[in-house]
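Structure, as structure tokens:
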Amino acid sequence: MRWTAVAALCAWAAAVSSDPQWKSEWPRTDFSQHTVRLEEIQSGGPPKDGIPAIDQPRFVTPDEAGKWLDRREPVIVLELNGDARAYPLQILMFHEIVNDTVGGMPVAVTFCPLCNASIVFDRRVEGVVFDFGATGKLRKSDLVMYDRQTESWWQQFTGKGIVGKHAGLALVQVASTIAAFQEFRRAFPQGRVLSRQTGFVRPYGKNPYRGYDRIGDIPFLFSDPVDPRLPAMERVLGVTHGGKTRIYPFAAIAATPVINDEVGGEPIAVFSQEGLLSALDAEIIRDSRRIPAAAAYSRKAGQRLLSFERRDGRILDRETGSEWDIFGRAIAGTLKETRLKPADSGVHFAFAWLAFNPQSEVYAAPMQARR
80 MRWTAVAALC AWAAAVSSDP QWKSEWPRTD FSQHTVRLEE IQSGGPPKDG IPAIDQPRFV
140 TPDEAGKWLD RREPVIVLEL NGDARAYPLQ ILMFHEIVND TVGGMPVAVT FCPLCNASIV
200 FDRRVEGVVF DFGATGKLRK SDLVMYDRQT ESWWQQFTGK GIVGKHAGLA LVQVASTIAA
260 FQEFRRAFPQ GRVLSRQTGF VRPYGKNPYR GYDRIGDIPF LFSDPVDPRL PAMERVLGVT
320 HGGKTRIYPF AAIAATPVIN DEVGGEPIAV FSQEGLLSAL DAEIIRDSRR IPAAAAYSRK
380 AGQRLLSFER RDGRILDRET GSEWDIFGRA IAGTLKETRL KPADSGVHFA FAWLAFNPQS
440 EVYAAPMQAR R
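First residue of the sequence shown? That's 80 in this note's numbering, and the numbers climb one at a time after it.
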């Protein structure tokens, strides 16, 4: 493994179990209420808020961000009520949580490098706006967050409260997309980009997890058996609907860049686009290898049921010939300005998705669709 910096940082990781010293760090957390075994939670190395959340985010124009952000670098794209924002992973790498308000909605933009999990949540819980921070703990190699109002602990991958007053509750997930900065800039020229002026001094643009996403490696601080159906570090697009879950390995997506499918009775389209850089490969992110960007949408557009294909590098629907982008927007043709409904989905490492969703089906491209 080549992510020695991470291993050094987390060398003293240990199981929490019932350690009184560990509990004394959290006097406001009600450990009598929990939905998981406390023994499953481990220290990731840093203490409480050792990975500092960004609470007062600043933003710059895409042109300003382009002075330091490579056009191919990955950003979390969030658009609510016409307010479009991009959160570069080169910044989230060192903070993991941004407490923000977008389009009038209080949100937590989160990223767990160890699971490659970028997930956005509504910060409102039972009518109260929560602020989130990092506990410094992991479960199944995934970030465990806490809210500063009650110091309940929340599993980032699922959005569920696992320890404390709000154990058993679930945050509402907000649809977002991982895409190359250039795609955000093209789609939302008036959008805003999270600034490097965070109030902290960090080597933004560098990857402290160098080589972590190599397909043959094993996940860090993951003690569960790895599901044998896929390599642990294979990226997958997971889609959930109607109680059913299906994952689309990036190997299958590379073979079939546009997929028409059905999950839980819902017609689904998987769009992919080449040219995105991995944030977890080279020491300098702009030097990393390219991977696809992928996103999933309902194939329903009003009363129409659409099917899609890639032709001459463009995503087109077969019914009208309209062109679509990675954000599910028709950008040319009869259906221009139509938007597809995002599926409940996300791009993560296979080991993490299958640890939290073991009943998932694994998509295999039909032979006639492969190329």
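All residues carry an ideal CB built from backbone N, CA and C; glycine is no exception.
These numbers were taken from a predicted model, which means no experiment stands behind them.
Check your understanding: Out of Thr-256, Asp-226 and Pro-125, which has the shortest C-alpha to C-alpha gap to Lys-420?
Key -> With distances taken between Cα atoms, Lys-420 lies closest to Thr-256.
Check your understanding: Is it right to say Asn-160 is buried, meaning 16 or more other beta carbons lie within 10 angstroms of its own, or is it exposed?
Key -> Flag for Asn-160 reads exposed.
**Study point:** Sequence-distant residues of the same chain with beta carbon closer than 6 Å to Asp-109, five excluded per side
**Key:** Around Asp-109: Gly-243 and Lys-244.
**Study point:** Contact the stretch 279-290 vs the stretch 383-392: 3+ CB pairs below 8 Å
**Key:** Cβ pair count under 8 Å is below three, so no.
Check your understanding: Got a sec? Which residues, its chain only, sit under 7 Å from Gln-234 by beta carbon, not counting five neighbours each side?
Key -> Within the same chain, Cβ atoms closer than 7 Å to the Cβ of Gln-234 are found at Arg-218, Asp-221, Val-223 and Ile-241, the five residues on either side in sequence being excluded.
**Study point:** DSSP three-state assignment for Asp-340, whether helix, strand or coil
**Key:** Strand, per DSSP.
Review point. Is it buried or exposed for Leu-507, if we count other Cβ within 10 angstroms and need 16 for buried?
Key: In the structure as shown, the chain starts at 80 and stops at 450, and residue 507 therefore has no counterpart that could be examined.
Exercise for review: Could you please give the first and the last residue of the uninterrupted beta strand (DSSP E) stretch that includes Leu-433?
Suggested key: Unbroken run through Leu-433 is the alpha helix (DSSP H), 429-435; no beta strand (DSSP E).
Point to revise | Cβ contact (3+ pairs, closer than 8 Å) linking the stretch 412-428 and the stretch 307-315 | key: Yes, they touch.
Practice item. Check whether the Cβ atoms of Gly-215 and Pro-106 sit closer than 8 Å, and answer yes or no. Key: Result no, Cβ atoms of Gly-215 and Pro-106 do not sit closer than 8 Å.
Practice item. Output the distance between the C-alpha atoms of Asp-20 and Arg-378, rounded to the nearest integer angstrom. Key: Not covered by the structure: residue 20. The range shown for the chain is 80 to 450.
Review point. Which residue's Cα is closest to the Cα of Val-208: Pro-192, Ile-198, Gly-129 and Met-184?
Key: Minimum Cα-Cα distance from Val-208 among the listed residues Pro-192, Ile-198, Gly-129 and Met-184 corresponds to Met-184.
Review point. First and last residue of the alpha helix (DSSP H) that includes Pro-185?
Key: That residue, Pro-185, is in no alpha helix (DSSP H); its beta strand (DSSP E) goes 184-191.
Practice item. Please work out which residues of its chain come closer than 8 Å, Cβ to Cβ, to Gly-129, disregarding the five sequence neighbours upstream and downstream, and give them in chain order. Key: A distance below 8 Å between beta-carbons, with the five flanking residues on each side excluded, links Gly-129 to the following residues of its chain, in chain order: Ala-213 and Gly-215.
Point to revise | Leu-171 - containing alpha helix (DSSP H), residue span | key: It spans 168-171 - the alpha helix (DSSP H) in which Leu-171 sits, taken as one unbroken run.
Review point. Cβ of Arg-275 within 8 Å of Cβ of Ile-364?
Key: Going by C-beta atoms, Arg-275 is not nearer than 8 Å to Ile-364.
Check your understanding: Excluding sequence positions up to five away, which residues of its chain have a Cβ less than 6 Å from the Cβ of Thr-277?
Key -> Excluding residues within five positions, the ones whose Cβ falls inside 6 Å are Ile-133.
Practice item. Express the C-alpha separation of Pro-287 and Ile-405 in angstroms, rounding to a whole number. Key: The straight-line gap from Cα to Cα measures roughly 28 Å.
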